[in-house]
Amino acid sequence: MKMHLLLKFFLLDLILLSQIRGQKACLEEERLGLLDLKSFANKFHSDHSDLIFPSWVDDPESDCCVWQRGTCNSTTGRVIQLSLYNETRYAMNYCPRPSFWNHDKSEPLLWNISLFQRFKELRTLDLSYNEIDGWMQNQGSEGFLRLELLETLDLTCNNLGNNTLQSLRKLTSLKNLILRSNLLEGSFPVEELSVLESLETLDLSQNFVNGFPRMLVMVRLYLRRDAERRKRLLAMFKFYMEICRAVSSFLTLLSAASTLCTYRPRVRSYALDFATNREYVRRLVYDNDISCISQIRMNRVTFLKLCEMLESIGGLKSTKNMLVDEQVAIFLHIIAHHVKNRVISLNFRRSGESISRHFHNVLAAVLKLQEHLFRKPEPIPTNSTDNRWKWFKNCLGALDGTYIRVKVPSADKPRYRTRKGNIATNMLGVCTPDMQFVFVLPGWEGSVADGRVLRDALRRRNGLKVPNENNVHIFSTSFSKFKGNQKKMESS
């Protein structure tokens with residue numbers, strides 16, 4: 001039973017496949033029509049007849065849908081596109097003025113349009129670069145009458161004049177008409193083509209239309225199917241523009257009248273609102289210790305002492321528009337929260353230039369307090385009883401280098417690569433016996449030797465110095481061979 005059903009389905013598939021293949025095959029009528037077109041072309045090109053449409057062969061077994069220069073409908077098998085352009089002239093994009101197929105110009109080259117009557121579904125026809133002088137007598141109108149579905153007609157690079165356009169009136173479905181590089185001159189008869197209601201594109205470039213040189217003329221006319229609809233749209237658009245113009249004029253008059261009635265000269269005040277600018281400082285610092293510590297990292301008493309020291313020792317002065325405490329609050333708020341200049345400018349209601357200037361003034365004053373604020377390291381006393389440090393009398397601290405891994409651009413990686421292959425920066429640090437850093441020099445590349453980093457630390461203007469010649473630092477073993485550096489540091 002199952003085999004019987006499978007056999008039925010198999011036979012049904014074969015029948016459907018044969019029908020589909022039969023529909024896609026070329027029709028015999030149109031195959032003969034294509035051969036007639038080839039025969040007609042050979043009359044004007046007898047010397048090279050074997051080069052014209054070589055794939056078009058008179059073989060009943062040959063499917064014309066696979067021939068060159070043609071395209072068939074995949075469902076009906078009818079020809080829908082023909083490209084009959086002169087291949088040689090088309091490749092060179094050249095329009096010679098004798099004909100390519102007829103070297104003797106004693107007789108005009110006329111094309112037989114009736115040869116296309118068999119192609120009832122033809123939609124695209126390309127006859128460019130053939131130097132056609134016109135259509136055979138009584139064949140133009142009748143031939144085009146059968147091409148009811150033709151949408152694109154390319155007549156580029158021919159010798160067609162104004163009198164050959166009468167036959168094109170029958171192409172009611174034509175959308176694209178290309179008449180580039182022909183012999184059209186004078187006033188182009190648009191009225192003769194007005195019946196082509198479906199026409200959308202009309203190419204008249206490289207002609208003598210309206211007396212202009214054809215190499216300078218590029219005319220593209222876009223026509224609508226319904227002329228009445230176009231007129232209605234144009235009328236509606238004009239009416240809309242008139243309404244917009246009237247409304248705009250009314251609003252302009254209304255605005256002018258309102259300005260005349262309400263305008264008063266405005267006097268600008270240049271007085272500084274000092275109380276408003278001080279309000280943010282009061283909320284930031286003076287409200288309570290909690291907000292003060294949160295915003296500037298110190299309480300109110302410490303803040304006032306710092307302001308007094310910066311004013312008396314650091315030389316910081318109040319300006320006409322900003323007191324010392326506001327300058328210090330701006331400085332501390334920036335370094336405590338890493339706030340941008342624009343944010344501080346908005347919060348304190350000051351310009352960006354004022355914020356930057358006062359920040360550097362406070363920074364210079366803070367640097368002058370280093371002798372009063374920075375605690376100097378104390379050496380290990382000679383009578384120390386600490387089993388860990390009594391062996392290092394007069395020692396201020398321990399000096400060593402370390403690597404900190406960093407990410408750098410690929411071009412800089414060789415300079416930052418350490419001897420172990422890591423990408424890092426070489427940092428020099430000095431710690432006191434109670435594990436407090438007293439000197440840090442970062443930034444050197446990982447490939448730099450420790451001795452070079454130490455020399456840089458000693459030669460800097462604000463580099464590593466020992467306040468007393470009797471005091472020393474403990475060196476790492478990596479610095480043991482740099483005796484010159486040790487002597488220099490011990491004597492500094």
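Residue numbering for the sequence shown follows full-length UniProt numbering, starting at 1 and increasing by one per position. Quick reminder that beta carbons are idealized off the backbone N, C-alpha and C, glycines included.
Under DSSP, R405 shares a beta bridge with A424. Boundaries of the beta strand (DSSP E) around D203: T201 to D203. Straight across, the Cα-Cα distance linking T276 with T259 is about 33 Å. Counting C-beta atoms within 10 angstroms of its own C-beta, E131 has 16 or more neighbours from the protein chains shown and is therefore classed as buried. As DSSP reads the structure, D154 sits in a beta bridge with D126 and I178.
Using a Cβ-Cβ distance cut-off of 8 Å, the segment 307-315 and the segment 368-380 are in contact, since at least three pairs of beta carbons, one from each stretch, lie closer than that value. For Q81, the enclosing beta strand (DSSP E) begins and ends at V79 to S83.
Note that the C-beta distance between T201 and L171 is not below 9 Å.
Per the DSSP secondary-structure output, T71 pairs in a beta bridge with Q81. G33 carries a helical assignment under DSSP once its states are collapsed to helix, strand and coil. The beta-carbon separation of E87 and C64, rounded to 19 Å, does not stay under the 8 Å limit for a contact. Counting along the chain, the unbroken beta strand (DSSP E) around L441 starts and ends at F437 to E445. Following the DSSP letters along the chain, one finds R342 inside the alpha helix (DSSP H) bounded by residues N341 to F348. In the three-state DSSP reduction, A41 falls in the helix class (H, G or I). Given a length threshold of 4 residues, each whole run of the alpha helix (DSSP H) inside the segment 359-390 is given here in chain order: 370-373. Between the segment 316-335 and the segment 351-362 there are three or more inter-stretch CB-CB distances shorter than 8 Å, so the stretches are counted as touching. Measuring C-alpha to C-alpha distances from F392 to each of E353, I404, S39 and P379 identifies P379 as the nearest. Annotation for A91: the continuous alpha helix (DSSP H) segment containing it runs E87 to M92. In the same chain as L149, and ignoring 5 residues on each side of it, the C-beta atoms closer than 6 Å to its own belong to E121, R123 and S173, in chain order. Each residue's CA atom was taken as its position, placing T425 and T432 some 23 Å apart. Residue F208 holds the alpha-carbon nearest to the alpha-carbon of S187 among F208, L199 and S167. Ranking I290, N158 and L125 by CA distance to the CA of E151 puts L125 first. Ranking F239, L127, D133 and R146 by CA distance to the CA of S114 puts R146 first. Taking C-alpha positions only, F303 is separated from E279 by approximately 17 Å. Setting aside the 5 residues that flank it on each side, T319 has no residue in the same chain whose C-beta is closer than 6 Å to its C-beta. By the beta-carbon neighbour count (other beta carbons within 10 angstroms, threshold 16), D434 is exposed. In the structure shown, G315 adopts coil according to DSSP, grouped into three states.
In this structure, V281 is the residue among V281, D412, T418 and N321 with its C-alpha nearest to the C-alpha of N347. With 16 or more other CB atoms across the displayed protein chains lying within 10 angstroms of its CB, K38 is buried. Looking at the DSSP output, E185 shares a beta bridge with F208.
I243 and A256 have their alpha carbons spaced roughly 20 Å apart. Residue L82 holds the alpha-carbon nearest to the alpha-carbon of F116 among L82, Y90 and Y129. A residue is called buried once 16 or more other Cβ atoms fall within 10 Å of its Cβ, and V247, having fewer, is exposed.
The continuous stretches of alpha helix (DSSP H) do not include H338, and DSSP gives it neither H nor E. Around the beta carbon of W389, fewer than 16 other beta carbons sit within 10 angstroms, so the residue counts as exposed. Here DSSP, grouped into helix, strand and coil, assigns R417 to strand.
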